[in-house]
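Protein chains in written order, with this note's numbering: chain A, 6 to 161; chain B, 17 to 750.
Note sheet for the following structure.
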Amino acid sequence: MIRLRINGLEREVEIPHPMYRLLDVLREDIGLTGAKEGCGEGECGACAVLLNGVLVNSCLIPASQVDEADILTPEGLAETEAGKLLAKCFTECHGAQCGFCTPGMMMAAAELLFTNRKPTEVEIREALAGNICRCTGYDMIIDAVQLATERGANIW
Amino acid sequence: MKSISQSIPRPDGMAKADGSALYVADLQFDGTEGGRSPDGAVALGSESGLSKDMLLGRFYRSPYPRGKIRRLQLPECPPGYHIISAADIPQGGKNEIPMAASRDMPCFAENEIRYAGQIVALVAGPDAYEIERLIRAIELEVDETPVVKNIDEALALKGGAIHGEDNIFCRVDLDEGEVDEVFAGAASVVEGVYETGFQEQFYMEGQGLIAWRTGNKCGVRGSMQCPYYVHHAVSHVLGLKHDEIRVIADTIGGGFGGKEDYPEIMGAPLAVASWVSGKPIRMLMDRVEDMAFTSKRHPSRCVYRSALDSEGRILAIDATVDLDGGAYETYTKIVLMRAVFHSLGVYAIPVFRIRGRGIATNTVPSGAFRGFGAPQSLFGIEMHMEEIARRNRCEVLDYKRNYFLKKGDTTVTGGIFRDEIILDKLIAEAERLSGYSGKRIKLGRGKGQGIGMSFILHGCGFTGDGEQKIIKGKAVLKKHRDDKVEILCAAVDFGQGPQTTFRKVVARVLGIEPNTVIFNYPDTDFVPDSGPTVASRTIMIVGYLLQKAAEELKAIWVEGEEQVVEQNYQMPPGMSWDQERLRGDSYATYGWGVNVCEVELDFLTWETKVIGAWAVFDVGRAVDHRVVNGQIQGGMSQALGYGAMEKLEVDSKGQFRQITMADYMVPTSVDFPRTEALTVDNPYLYGAFGAKGMGEMVHDGGHAAFAAAVEQACGKACTTIPLVPETLMEIMEA
Ligand code: FES
Ligand code: FES
């Protein structure tokens, strides 16, 4: 049994076996399916969440290691001003096509903007390099993050 | 009024960004019996396959690549578990997947194995570990035959023929004029061999489906491009009637063709298992299974020979186009047709002979992937033109210009290019954006820098009279009593944009807001068969039907009344096609494009770096600039990946070597620069607001532009992609 905080709510979760991952906790136990499984091996970023404020791939994090941790998922981010702004920018700029990478991209973009209010295009590209998108070629995702940078001057 | 091309926010964007969009892996039992979620996005409840007792399903796949099945021994099943194989196909059903042009692939292997990973059985039950244990307990004995891993081994008939007597699934031949005579009198002949590898679609969401049974009705839902293809396959395998099957598409995490054929291959056996067990079963492929066993782009080898006169002009082309079709024919014939029909690119060649062959090997059956044969043969012709221009010591763009097709010219199948061809305008824009010609001269040759330009044409919609004879697309608009308008058609948005563009088309005609138009993911219980979401047909053909329907609805609009209008596809006037002889208008119209790519080459590591990418297209008219430019940029990224980094090889058993994301390299945000994308209007009379198909041609030329740039940078011919460092090293040391 572990206790952790997910999107601000205290949760207690049984861990059925040592291979159980943070991604399973979110999707199976809590029913938060915003974080997606794209690869299950830490290569794509579709399962990205913030763990104590740091971007991680939740498919690589054993559930046993997140006791007492603070987790922000795509659903939690979406509730915040920052998340709402980012979602609008992704929608307007067409940064989401099939959308499967998008929640992870949103997490990566949020982490970047929280630490760097005015990133250059190069910095944005580097910050998103762990998140694979097969649809967009990334350009409109970059557009979305740049738009969020401009519009969110008082958020970040 | 604003141009229809002016972009609007994607109606499906917010749900995707905030994580609330539900993909097949996200669906949970919601305690209801049926209906749809308030926003219409999701079919709910047990009637739609979501029930508490949903089982997990996994395939047992053959570990052997080739041979006769001697024995299949299935273990004892504990209560609640099911093992399903060929023997379970119900009476009246057939153990074959009915594909577009062939039905040689069985649903479950029964007599022989043709590739490692072929589906032999399906195990379903509540617990993944127990399923795994049962899979390990299945015993399959096979009299093994030597494996055919590639085209050469297939043509050498290694181990005897896999298919027929010669391993040729299908041929597509085109002839014009007296080729041998022209070659006999030619001043010189230029010959080249051009090869492309496998390519993985790499949709970010793996394949996933749920099958269920309600009474005498079988349902399948999940991640798919073509609900009616799945519908058809299930009907064939189970022997059920049209109204005994229901197929629902859910939000889908990318397709690129990879969810055109595979959901039939996967959905049919899953439907059998669910039908026999009576239980809903969800099957989700993890990344390794998906990469290892789902269909890929056909590897190709094209040989081009050109007869030239003493001035270096092309008199005739003699070409072969060979595609590695893998273990079963599946889609190979129609991919080959497209490859052959695009094999002379944007050039008018007076005399030619093209011989296309789809070849059987013991690899995973090759299938649909964005471009569908065109990226292969266009690579061949573009690189061949580079070679001829070099021989003639002529700037390649100047040389190519001499052969550009014009309105009124004859197509390779004897049809007519009826619409305006605006290549010159596209080139002017590409020059303006990229500075191509100036750079091409300045960068010299073999000096580590290069810039390449490639040309694209892409036939829109199904080949020949397929739209008229086979698809017979139908689309419906329904005005509800509250005057809300609903789109009813089978087109799926897997990222390419119909959720945005269809709404815009209908709304523009009716003078309403796009966001008020209802457009749910298709459910075959409610939508007509408007055809599959493939072949660059969606906006041009289905979109046009919707435009016509909206015009009709507008004319009869009565407030507060329910009204339904229906439109059926009609071949554009003047178009004709003879499927027997492959003569006539192979496509209703064509999209056109120019791609430019600039590279730097590291002479120590042989790594290439793309420093510029530009793409200018004639898409008729863009119904939404950002939807279209998003396709252009995404397509360029995939095409550059195809040309530069996406290496996919097979091992001694014919299995793919690169089956994880760590091994198969796709572009990340730091691999390529922004693609500068532009469209030039050239409206098409029979497309929605002038739109032509464009979803595929964006993948047709980036790899050739890249390879042409690398040729300039390294100073040698680069005729094989992907041009990974090892390949470049071989080229330079040869
Ligand atoms: S699913 Fe976690 S990184 Fe891909
Ligand atoms: S939008 Fe489809 S993977 Fe990024």
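C-beta atoms are modelled at their ideal positions from N, C-alpha and C, and glycine is treated no differently.
{"Query": "Ignore the nearest five residues each way along the sequence and tell me which others in B:D481's own chain have a CB closer than 6 Å to its CB.", "Result": "W593"}
{"Query": "Any heavy atom of ligand 1 within a distance shorter than 7 Å of the CB on A:G50?", "Result": "yes"}
{"Query": "Since B:A720 and B:V615 are thought to touch, with beta carbons under 8 Å apart, how far apart are those beta carbons, to the nearest angstrom?", "Result": "Actually they are not in contact, since the Cβ atoms of B:A720 and B:V615 sit about 13 Å apart, beyond 8 Å."}
{"Query": "Kindly confirm or deny that the segment 121-134 of chain A and the segment 76-93 of chain A touch, where touching means at least three C-beta pairs closer than 8 Å.", "Result": "no"}
{"Query": "Please report the residue range of the beta strand (DSSP E) in which B:T212 lies.", "Result": "S204 to T212"}
{"Query": "In chain A, what lies closer than 7 Å to B:V686 by C-beta?", "Result": "R130, E131 and A134"}
{"Query": "Quick check on A:Y25 - is its C-beta less than 8 Å from some C-beta in chain B?", "Result": "no"}
{"Query": "Can you list the alpha helix (DSSP H) stretches of 4 or more residues lying completely in the segment 60-126 of chain A, in chain order?", "Result": "79-84, 86-98 and 107-120"}
{"Query": "Can you give the beta carbon distance from B:A308 to B:Q671, rounded, assuming they're within the 8 Å contact cut?", "Result": "7 Å"}
{"Query": "Give a yes or no on contact between the segment 267-281 of chain B and the segment 103-116 of chain B, applying the rule of three or more CB pairs nearer than 8 Å.", "Result": "yes"}
{"Query": "Closest by CA to B:T763, which one among B:Y700, B:R599 and B:G646?", "Result": "Because residue 763 of chain B is not part of the residues shown, which for chain B are 17 to 750, the question remains open."}
{"Query": "Heavy atom of ligand 1 less than 7 Å from the Cβ of B:E216, yes or no?", "Result": "no"}
{"Query": "Should A:C44 be counted as a contact of ligand 1 given a C-beta to heavy atom distance under 7 Å?", "Result": "yes"}
{"Query": "DSSP on B:E502, reduced to helix/strand/coil?", "Result": "strand"}
{"Query": "Can you tell me which of the three DSSP states B:C751 falls into?", "Result": "No information on residue 751 of chain B is available, as it lies outside the stretch 17 to 750 that chain B covers here."}
{"Query": "Mark B:G180 as exposed unless 16 or more other C-beta atoms lie within 10 angstroms of its C-beta, in which case mark it buried.", "Result": "exposed"}
{"Query": "Taking a Cβ distance cut-off of 9 Å, strictly less, list which residues of the segment 25-54 of chain B are near chain A, in chain order.", "Result": "P25, R26, P27, D28, G29, M30, A31, K32, A33, D34, G35, S36, A37, L38, Y39, A41, D42, L43 and Q44"}
{"Query": "Rounded C-beta distance between B:G709 and B:C476? I'm assuming under 8 Å.", "Result": "3 Å"}
{"Query": "Using the beta-carbon count (16 or more within 10 Å), is B:M751 buried or exposed?", "Result": "Outside the modelled stretch of chain B, which goes from 17 to 750, sits residue 751 of chain B, for which no answer is possible."}
{"Query": "So does A:G47 have its beta carbon nearer than 7 Å to some heavy atom of ligand 1?", "Result": "yes"}
{"Query": "Need the endpoints of the beta strand (DSSP E) that B:R642 sits in, please.", "Result": "Note, B:R642: premise wrong, no beta strand (DSSP E); alpha helix (DSSP H) at H641 to A660."}
{"Query": "Between which two residues does the beta strand (DSSP E) carrying B:Q89 extend?", "Result": "G83 to Q89"}
{"Query": "Which residue marks the beginning of the alpha helix (DSSP H) containing A:R8, and which one marks its end?", "Result": "Not the alpha helix (DSSP H): A:R8 falls in the beta strand (DSSP E), residues I7 to I11."}
{"Query": "Quick one: is A:Q102 near chain B, going by C-beta distance under 8 Å?", "Result": "yes"}
{"Query": "One question on the structure: do B:A750 and B:L617 come within less than 8 Å of each other, judged by their Cβ atoms?", "Result": "no"}
{"Query": "Within 10 angstroms of its Cβ, does B:E398 collect 16 or more other Cβ (buried), or is it exposed?", "Result": "buried"}
{"Query": "Give the C-beta separation of B:A170 and B:A364 to the nearest angstrom, bearing in mind that I take them to be a contact with Cβ-Cβ under 8 Å.", "Result": "Not confirmed; about 34 Å, so no contact."}
{"Query": "I want to check one thing, is the minimum distance from the CB of B:M220 to the heavy atoms of ligand 2 below 7 Å?", "Result": "yes"}
{"Query": "Determine the direct distance from the alpha carbon of B:I443 to that of B:D338, and round the result to whole angstroms.", "Result": "31 Å"}
{"Query": "Please state if the CB of B:E502 and the CB of B:I534 are separated by a distance shorter than 8 Å.", "Result": "yes"}
{"Query": "Closest by CA to B:G389, which one among B:M556, B:G717, B:Y700 and B:V292?", "Result": "B:G717"}
{"Query": "In chain order, what residues of the segment 264-275 of chain B put their CB closer than 9 Å to some CB of chain A?", "Result": "T267, I268, G269, G270, G271 and F272"}
{"Query": "Taking the alpha helix (DSSP H) that B:D414 falls in, what are its first and last residues?", "Result": "V412 to R417"}
{"Query": "Leaving aside the five residues before and after B:V412 along the sequence, list all residues of the same chain whose C-beta is less than 7 Å from its C-beta, in chain order.", "Result": "M401, E402 and A405"}
{"Query": "Taking all protein chains shown into account, decide if A:A158 is buried (16 or more other Cβ within 10 angstroms of its Cβ) or exposed.", "Result": "exposed"}
{"Query": "When the cut-off is 8 Å and only beta carbons count, does B:S470 lie next to chain A?", "Result": "no"}
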